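A.B. asks: Structure incoming, see below.
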Amino acid sequence: MLETLTNILNTTVLYSTPLILAGLGGLFSERSGVVNIALEGLMTIGAFTAAVVTIVTGNAWMGLLAAVVSGMILALPHAIASITFKADQVVSGVALNFLALGLSVYLVKRFYDGAAQTPVVPDKLEEVAIPGLSQIPVIGPSLFHAFPTTYIAVILVLVSSFILYRTPFGMRLRAVGEHPQAAETAGVSVILMRYMAVIISGALAAIGGAALSISIGSEFNQSTVAGQGFIALAALIFGKWRPYGVLGAAVFFGFAVALSLTGQLYGLTQYLPSEVLNMLPYVLTILALAGFVGRAEAPAAIGKPYEKGSR
Amino acid sequence: MQQILSRVNKTSTFATSLISIVLGMLVGAIMMMAAGYDPVLAYRALFASALLQPYDLGESIRTITPLILTGLAVALAFRTGLFNIGVEGQFIVGQLAAVIVGLKLGLPPVLHAVVAVIAGGLAGALWAAVPGLLKATRGVHEVIISIMMNFIALNLSNVMIRKWLTEGSDSTPKIPDSASLRVDFLSQLFGGSRIHLGIFLALAMALFMFYLLWKTKLGYELRAVGHNPLASEYAGMSVKRNIILSMMISGLFAGFAGASELLGTAGYHSIQAAFTGVGFDGIAVALLGANTPLGVILSSVLFGVLTYGGGNMQFEAGVPFEVIRVVFAAIILFVAANISGPLVDLFFRRRRGRHLARNLD
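Rendered as structure tokens:
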């Protein structure tokens, strides 16, 4: 029984980590007023870059660093199209998802003689046990003997919350997403803030992708990310566009996956098919949005290109 | 004055599409060169292998068929100001409904296929009604709901195949000939390719969309709501009703796409680990086609040829197929950013200014 519990907790932590990271990425972008449906693509490019650079350098931390850079670069076309050219933000995000998947699989085939996946990475961000805490029964082995990316994710939740609510930068960012005209009047550059927000978003989502290819998994192929960027988007909305909300929603979605996987292990899926458990996060998000599980209120200026001088 | 502006607008949409195609393919060429491939050889192989032989022509048309339908689905919703990113999910439930009718109902030929196609369309329409309804009644953005509905559709289809249509198997048996959209005459005409009657359904739907939007009162209302919901409401139209209807008609097209793919191309349904992408391609098709029926047909031809020929290009010139996905992405980005705007301005501003000045005199 205890073993089962540990197992479920462990899987929950494992599956929620990338969602927390990408969800935080979406948080920055959307709080500044730019819809980021491109989380999926940003995660994909992060996962790809992390795997390739880890293979080339033999060092997974280099892979992680490169992933961050790649995410920031790939976020640029989205920022340019949707902020400067005032393109529809959703459309531009869709294009970015196409671009990321196409580009990464194209390059994998080019680099590895037409293979559909990268070789297994030579170095991984292995699990780290926190002395003392990891000895606690049940929660010790799952929460305090985790991948570095999990610790990074939790720390980034704290940092994001601090930045968004306690620093001038964060307040400007949120102001730009709620009422850009007022922010501009107060001397904040809407365009600059939004560019920075989208680029931060690319960096965070790419770490989420890297978690999939060099810590939880150990290679990159075209189904490494497989829709988790969209689930992260759901976590962002389910979490009501707040850092701790994202954390909670991501953990909850991770828990749903853990139940489905553990259920398979113990034969529970005989009665409840795993697909039904897989649907749970999506059904809950719809219910949440429809206002049945608490109203989710989006930033006021979300999705609207900023026209200087307009009212 | 108004006329001239609208004419300028039209040229600019057309110019946007053309310029975006050229730029998009240029991006692809640059990527090929950067990776050490020969873009001229690759593009030549692509077009030659997609168009020159009757068999390949038939297969190209088969690839174009679902693109027209998913493109129309996205375009129709766009016209009412809605972004139906859920075409993928509506496509999947269309496939599912079609295969259920195909396998579970015993009907005479022709009738069987007709019922299966209609079932697919209705399933798509119902699936699209959910985001439409939530948008109309609770003001929830249709994009998020549609994305969620896509994943639910994928899982629903998989569990139905595994638990109900088969006993734990990964794919269903083949549908009987009575439900098939494939006809020998057509296949033989195109060298034994998998071309099927779906193409006529797709063209008919393009005609239907044109008639609906521009020749009926309902279509006028749909477009008016997309143009200015507040003014439409004030003029006495029901914005809510039109949102739901638009999503449902859009879903109908998407469901037809799924049904025709299943009954014409595959003939069976199987468990999918990921999305087919046909629904997402519809977004690119609709954008490039400027959300008009004719535009959708033309851009489907381009995307279909690129998709089918891209596979052969990989075979003949060694260039990975995925470069075509990058070309798609670049085209969408250029169209979305209305790249021709600045370019057209650069070339035509003077002339346009003169026109306007003359007209004002």
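One line per chain: the protein sequences are A and B, in this order. Residue 91 in my numbering is what sits at position 70 of the first sequence, and the numbering runs on without skipping anything. Residue 195 in my numbering is what sits at position 184 of the second sequence, and the numbering runs on without skipping anything. The beta-carbon is built from N, C-alpha and C at its ideal position, and this holds for glycine as well. None of the values given here were measured: they were computed from a predicted structure.
1. Which of the three DSSP states, helix, strand or coil, is assigned to HIS207 of chain B?
2. Is the region 88-105 of chain A close to the region 300-310 of chain A, with three or more CB pairs under 8 Å?
3. Cβ closer than 9 Å: which chain A residues qualify as neighbours of GLU333 of chain B?
4. Going by DSSP, which residues form a beta bridge with GLN138 of chain A?
5. Per DSSP, which residues does ALA167 of chain A bridge with? Please list them.
6. Quick one: using the 10 Å Cβ neighbour count with 16 as the cut-off for buried, is THR318 of chain B buried or exposed?
7. Determine the direct distance from the alpha carbon of ILE173 of chain A to that of LEU23 of chain A, and round the result to whole angstroms.
8. Can you list, in chain order, the residues of its chain with a C-beta nearer than 6 Å to that of ILE220 of chain A? Leave out the 5 residues immediately preceding and following it.
9. Determine the direct distance from the alpha carbon of TYR265 of chain A to that of PHE460 of chain B, and round the result to whole angstroms.
10. Of the residues B:LEU68, B:ALA124, B:PRO142 and B:LEU63, which one's Cα is nearest the Cα of ILE254 of chain B?
11. Closer than 9 Å, Cβ to any Cβ of chain E: which residues of the region 237-271 of chain B, in chain order?
12. Taking a Cβ distance cut-off of 8 Å, strictly less, list which residues of the region 57-69 of chain A are near chain B, in chain order.
13. For the region 280-290 of chain B against the region 97-117 of chain B, are there 3 or more C-beta pairs whose distance is under 8 Å?
14. Considering only their Cβ atoms, is the gap separating PHE314 of chain B from LEU78 of chain B smaller than 8 Å?
15. State yes or no: is the beta carbon of ILE4 of chain B nearer than 8 Å to at least one beta carbon in chain A?
16. Look up SER182 of chain B in the DSSP assignment and give the residues it is bridged to.
17. Helix or strand or just coil, what does DSSP make of ASP195 of chain B?
18. Which bits of chain A does MET159 of chain B rub up against, with CB to CB less than 7 Å?
19. I need the DSSP call for GLY324 of chain A, collapsed to helix, strand or coil.
20. Between the alpha carbons of THR91 of chain B and ASN302 of chain B, how many angstroms are there, rounded?
21. Do you know offhand how far VAL194 of chain B's Cα is from LEU309 of chain B's?
22. LYS146 of chain B to LEU212 of chain B, Cα distance in whole Å?
23. Could you check whether the region 112-126 of chain A touches the region 58-72 of chain A, counting it as contact only if at least three pairs of C-beta atoms, one from each stretch, sit closer than 8 Å?
24. Decide yes or no for the touch test of the region 64-83 of chain B against the region 335-345 of chain B: beta carbon pairs closer than 8 Å, at least 3 of them.
25. Counting only Cβ pairs nearer than 8 Å, list the residues of chain B close to VAL112 of chain A.
26. By the 8 Å beta-carbon criterion, what residues does the region 207-238 of chain B contribute toward chain A?
27. Where does the unbroken alpha helix (DSSP H) through ALA218 of chain A begin, and where does it stop?
28. Give the interface partners of VAL110 of chain B over in chain A, defined as CB-CB distance under 9 Å, in chain order.
29. Counting only C-beta atoms, is ARG90 of chain B closer than 8 Å to chain A at any point?
30. Closest to ILE103 of chain B by CA distance: which of B:LEU118, B:ALA134, B:LEU80 and B:ALA124 is it?
31. Going along the chain, which residues of its own chain have a beta-carbon closer than 6 Å to the beta-carbon of ARG18 of chain B, five neighbours each way excluded?
32. How many angstroms separate the CA atom of GLY247 of chain B from the CA atom of LEU223 of chain B?
33. For ILE156 of chain B, go through chain A and note every residue whose CB falls closer than 9 Å to its CB, in chain order.
34. Going by beta-carbon coordinates alone, are HIS280 of chain B and THR183 of chain B separated by less than 8 Å?
35. Let me see if you follow: with CB-CB separation under 8 Å, is ARG149 of chain B close to chain A or not?
36. State buried or exposed for GLY153 of chain A, treating a residue as buried only when at least 16 other CB atoms are found within 10 Å of its CB.
C.D. replies: According to the structure shown:
1. For the purposes of this step, residue 207 of chain B is taken as the residue at position 196 of the second sequence. Residue state, collapsed to three classes: coil.
2. As far as the Cβ criterion goes, the region 88-105 of chain A does not touch the region 300-310 of chain A, which means the pair count is below three.
3. For the purposes of this step, residue 333 of chain B is taken as residue 322 along the second sequence, with counting starting at 1. Neighbours of GLU333 of chain B on chain A, chain order: LEU122, GLY123, LEU124, SER125, VAL126, TYR127, LEU128, VAL129, LYS130 and GLN243.
4. Within the first sequence, numbered from 1, the residue matching residue 138 of chain A stands at position 117. A:ASN242.
5. Numbered from its first residue, the first sequence carries residue 167 of chain A at position 146. In the DSSP assignment, ALA167 of chain A is bridged to A:VAL149.
6. Numbered from its first residue, the second sequence carries residue 318 of chain B at position 307. It counts as buried.
7. On the first sequence, residue 23 of chain A is found 2 positions in, with the first residue counted as 1. On the first sequence, residue 173 of chain A is found 152 positions in, with the first residue counted as 1. Straight-line spacing of the CA atoms in LEU23 of chain A and ILE173 of chain A works out to 27 Å.
8. Indexing the first sequence from 1 puts residue 220 of chain A at position 199. The residues are MET93 and ALA96.
9. Here chain B has residues from 12 to 372 only, and residue 460 of chain B is not among them.
10. Here residue 254 of chain B is taken as the residue at index 243 of the second sequence, counted from 1. In terms of CA proximity to ILE254 of chain B, B:PRO142 leads the group B:LEU68, B:ALA124, B:PRO142 and B:LEU63.
11. Going by chain labels, chain E is absent from the structure shown, which instead holds the protein chains A and B.
12. So the close ones are ILE58.
13. Contact between the region 280-290 of chain B and the region 97-117 of chain B is present, because at least three Cβ pairs lie under 8 Å.
14. Position 67 of the second sequence holds residue 78 of chain B. Position 303 of the second sequence holds residue 314 of chain B. For LEU78 of chain B and PHE314 of chain B, yes; Cβs fall inside 8 Å.
15. Chain B is shown from 12 up to 372; residue 4 of chain B falls before or after that span and cannot be answered.
16. Position 171 of the second sequence, counted from the start, is the residue given in the question as residue 182 of chain B. For SER182 of chain B, DSSP records a beta bridge to B:SER281.
17. On the second sequence, residue 195 of chain B is found 184 positions in, with the first residue counted as 1. If DSSP states are grouped into helix, strand and coil, ASP195 of chain B belongs with the helices.
18. Counted from its first residue, the second sequence places residue 159 of chain B at position 148. Within chain A, ALA255, TYR303, THR306 and ILE307 have C-beta atoms less than 7 Å from the C-beta of MET159 of chain B, given in sequence order.
19. Mapped onto the first sequence, residue 324 of chain A falls at position 303. In this structure, DSSP gives GLY324 of chain A a state outside helix and strand, which the three-state scheme calls coil.
20. Residue mapping note: residue 91 of chain B aligns to position 80 of the second sequence, counting from 1. Residue mapping note: residue 302 of chain B aligns to position 291 of the second sequence, counting from 1. Distance between the alpha carbons of THR91 of chain B and ASN302 of chain B: 11 Å.
21. On the second sequence, residue 194 of chain B is found 183 positions in, with the first residue counted as 1. On the second sequence, residue 309 of chain B is found 298 positions in, with the first residue counted as 1. Cα to Cα, VAL194 of chain B sits roughly 25 Å from LEU309 of chain B.
22. Counted from its first residue, the second sequence places residue 146 of chain B at position 135. Counted from its first residue, the second sequence places residue 212 of chain B at position 201. Answer to the nearest angstrom: the Cα atoms are 29 Å apart.
23. Yes, the region 112-126 of chain A is in contact with the region 58-72 of chain A.
24. In this structure the region 64-83 of chain B does not touch the region 335-345 of chain B; the number of beta carbon pairs closer than 8 Å is below three.
25. By 1-based counting over the first sequence, the position of residue 112 of chain A is 91. Simply PHE94, ILE294, LEU298, ILE343 and ALA347.
26. Within the region 207-238 of chain B, no residue has its Cβ closer than 8 Å to any Cβ of chain A.
27. By one-based count along the first sequence, residue 218 of chain A stands at place 197. It spans 211-232 - the alpha helix (DSSP H) in which ALA218 of chain A sits, taken as one unbroken run.
28. Within the second sequence, the letter at position 99 stands for residue 110 of chain B. Per Cβ cutoff of 9 Å: no residues; VAL110 of chain B is ~17 Å from chain A at best.
29. Position 79 of the second sequence, counted from the start, is the residue given in the question as residue 90 of chain B. Closer than 8 Å: no.
30. On the second sequence, residue 103 of chain B is found 92 positions in, with the first residue counted as 1. Of the candidates B:LEU118, B:ALA134, B:LEU80 and B:ALA124, the one whose C-alpha sits nearest the C-alpha of ILE103 of chain B is B:ALA134.
31. Against the second sequence, residue 18 of chain B aligns to sequence position 7. The predicted position of ARG18 of chain B is uncertain, since its pLDDT is 45 and thus under 50; a value taken from the coordinates is nonetheless stated next. Taken in chain order, the list of residues that qualify is empty.
32. The sequence position of residue 247 of chain B within the second sequence is 236, counting from 1. The sequence position of residue 223 of chain B within the second sequence is 212, counting from 1. Cα to Cα, the separation comes out at about 20 Å.
33. For the purposes of this step, residue 156 of chain B is identified with residue 145 of the second sequence, where counting begins at 1. Chain A residues near ILE156 of chain B: THR306, ILE307, LEU310 and ALA311.
34. Translated into the one-based positions of the second sequence, residue 280 of chain B becomes position 269. Translated into the one-based positions of the second sequence, residue 183 of chain B becomes position 172. The Cβ atoms of HIS280 of chain B and THR183 of chain B sit closer than 8 Å to each other.
35. Stepping through the second sequence from its first residue, residue 149 of chain B is reached at position 138. Yes - at least one Cβ of chain A is within 8 Å of the one on ARG149 of chain B.
36. Counted from its first residue, the first sequence places residue 153 of chain A at position 132. Taking all protein chains shown into account, GLY153 of chain A has fewer than 16 neighbouring C-beta atoms within 10 Å of its C-beta and is therefore exposed.
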